[in-house]
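Numbering (this note's numbering), first residue to last: 96 to 364.
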């Protein structure tokens, strides 16, 4: 039997909005839809697999992830135009939408979940939908459109150390990777506070150290680092890591990220 949930709770769970209050306001404002119908009550009970979309007035992308990738593209001065994109942990498809709007040729939308991808993207022939797919099971043979040369990673409840050793087997040379670092899934259990929030800058520093070590152990080069322009749905500060794979000029940057952590806390705490 399919699970059912409140519409406002599903919006938050899928990261279509930041919190339950914004979910309720969005529904009351009449901007939340299933495939064809508008939802007009926050407490409406629907299947947990029901497609949902929000007609954002302040976000040009179908999900909050689009804002995160948008900042990375601009701040890292990296171009996704003409690239074969892969969205690991696609959820509603914010990263995919951003990549396509910036000129990506196609995008693999990979997620272990089902029926979360925005309806607009699901019907876009540039999007290769790979739902119910555990990324750890992805091999080159499953990628019918060829190997990607630009990848975004936005995963939950799993460390990036389990993603990098799979990713390095399915990339074209000279590829770019934008990895979203979520401290609550990288820190030790005792370092994570109430409601899964990591607030200590020292723990953020430790997490960044660990993730960069994981990346280098899998053969990736460190190119740049910044913080996400918005927090996660529970309020966690997140970071965006730019990695390279078999780059023509394979410079492994030595980045002092104290100032990145400091700025993140200044603007987002």
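Backbone N, C-alpha and C define an ideal beta-carbon position, used for all residues, glycine too.
When you compare the region 143–157 with the region 206–221, are there three or more beta-carbon pairs, one atom per stretch, that lie closer than 8 Å? yes
Out of 105, 276, 313, point me to the one whose CA is closest to residue 264's CA. Stepping through the chain shown from its first residue, residue 264 is reached at position 169. Here the closest residue by C-alpha is 313.
Contact the region 133–143 vs the region 228–235: 3+ CB pairs below 8 Å: no
Selection from 240, 222, 139 that minimises the alpha carbon distance to residue 194: Numbered from 1 along the chain shown, position 99 holds the residue referred to as residue 194. Across the set 240, 222, 139, the C-alpha of 222 shows the shortest separation from the C-alpha of residue 194.
Thinking C-alpha only, which one of 300, 342, 280 is nearest residue 352? Mapped onto the chain shown, residue 352 falls at position 257. When only C-alpha atoms are compared, the closest one is 300.
Determine the extent of the beta strand (DSSP E) in which residue 139 is found, giving its start and end residues. On the chain shown, position 44 is the one that residue 139 refers to. Per DSSP, residue 139 belongs to no beta strand (DSSP E) and is neither H nor E.
Between which two residues does the alpha helix (DSSP H) holding residue 306 run? Taking the first residue of the chain shown as position 1, residue 306 is located at position 211. Run containing residue 306: 296–312, per the alpha helix (DSSP H) assignment.
What span of residues does the beta strand (DSSP E) with residue 321 cover, start to end? Your numbering for residue 321 matches position 226 in the chain shown. Under the DSSP assignment, residue 321 falls in the beta strand (DSSP E) whose first and last residues are 316–322.
Could you give the DSSP three-state label for residue 280: helix, strand or coil? Position 185 of the chain shown holds residue 280. Per DSSP, reduced to three states, the secondary structure at residue 280 is helical.
Pick out whichever of 277, 339, 308 has its Cα sitting closest to the Cα of residue 329. Along the chain shown, one-based indexing puts residue 329 at 234. The shortest Cα separation from residue 329 among 277, 339, 308 belongs to 277.
Under a Cβ-count criterion, where at least 16 other Cβ atoms within 10 Å of its own Cβ denotes burial, should residue 259 be classed as buried or exposed? By one-based count along the chain shown, residue 259 stands at place 164. Per the 10 Å Cβ criterion, buried.
Using 8 Å as the threshold, is the C-beta distance between residue 205 and residue 233 below it? On the chain shown, position 110 is the one that residue 205 refers to. On the chain shown, position 138 is the one that residue 233 refers to. It is a contact, given that the beta carbons lie within the stated cut-off.
Specify the secondary structure class of residue 128 as computed by DSSP and reduced to three states. On the chain shown, position 33 is the one that residue 128 refers to. Strand at residue 128.
Output yes if chain C places a C-beta closer than 8 Å to the C-beta of residue 356; else output no. This model lacks chain C altogether; it includes just one protein chain.
Can you name, in chain order, every residue of its own chain whose Cβ lies under 6 Å from the Cβ of residue 156, other than the five neighbours on each side? What you label residue 156 is simply residue 61 of the chain shown in a count that begins at 1. Answer for residue 156: 189, 192, 193, listed in chain order.
Check for me: the beta strand (DSSP E) holding residue 101 runs from which residue to which? Here residue 101 refers to the residue found at position 6 of the chain shown. Element bounds for residue 101: 99–101.
Thinking C-alpha only, which one of 98, 280, 103 is nearest residue 138? Position 43 of the chain shown, counted from the start, is the residue given in the question as residue 138. Ranking the options by Cα distance to residue 138, first place goes to 103.
For the beta strand (DSSP E) that residue 337 lies in, which residues bound it at each end? Within the chain shown, numbered from 1, the residue matching residue 337 stands at position 242. First-last of the beta strand (DSSP E) with residue 337: 334–340.
Tell me the start and end of each unbroken beta strand (DSSP E) in the region 207–265 that is at least 3 residues and wholly inside, in chain order. 222–225, 245–248
Taking residue 90 as the reference, give the member of 217, 176, 207, 254 with the closest Cα. Not covered by the structure: residue 90. The range shown for the chain is 96 to 364.
Residue 376 burial status per 10 Å Cβ neighbour count (16 or more: buried): Since the first residue shown for the chain is 96 and the last is 364, residue 376 is missing from the structure and cannot be characterised.
Relative to the alpha-carbon of residue 349, which residue among 202, 245, 272, 319 has its alpha-carbon at the smallest distance? By 1-based counting over the chain shown, the position of residue 349 is 254. Checked all of 202, 245, 272, 319; the closest Cα to residue 349 is 319.
Look at the alpha carbon of residue 208 and the alpha carbon of residue 356, and state the distance between them as a whole number of angstroms. Here residue 208 corresponds to residue number 113 of the chain shown, with the count starting at 1. Here residue 356 corresponds to residue number 261 of the chain shown, with the count starting at 1. Straight-line Cα distance between these residues: approximately 31 Å.
Can you list, in chain order, the residues of its chain with a C-beta nearer than 8 Å to that of residue 115? Leave out the 5 residues immediately preceding and following it. Translated into the one-based positions of the chain shown, residue 115 becomes position 20. Cβ neighbours of residue 115 beyond the five flanking positions: 103, 104, 107.
Do residue 282 and residue 298 have their C-beta atoms closer together than 8 Å? Against the chain shown, residue 282 aligns to sequence position 187. Against the chain shown, residue 298 aligns to sequence position 203. The answer is yes: Cβ separation under 8 Å.
With 16 as the cutoff for other CB atoms within 10 Å, does residue 290 come out buried or exposed? As a working mapping, residue 290 is identified with position 195 in the chain shown. Exposed, by the Cβ-count rule.
In chain order, what residues of the same chain have a beta carbon less than 8 Å from the beta carbon of residue 109, not counting five sequence neighbours either side? In the chain shown, residue 109 corresponds to position 14, counting from 1. Once the five neighbours on either side are set aside, the close Cβ partners of residue 109 are 147, 158, 186, 187, 211.
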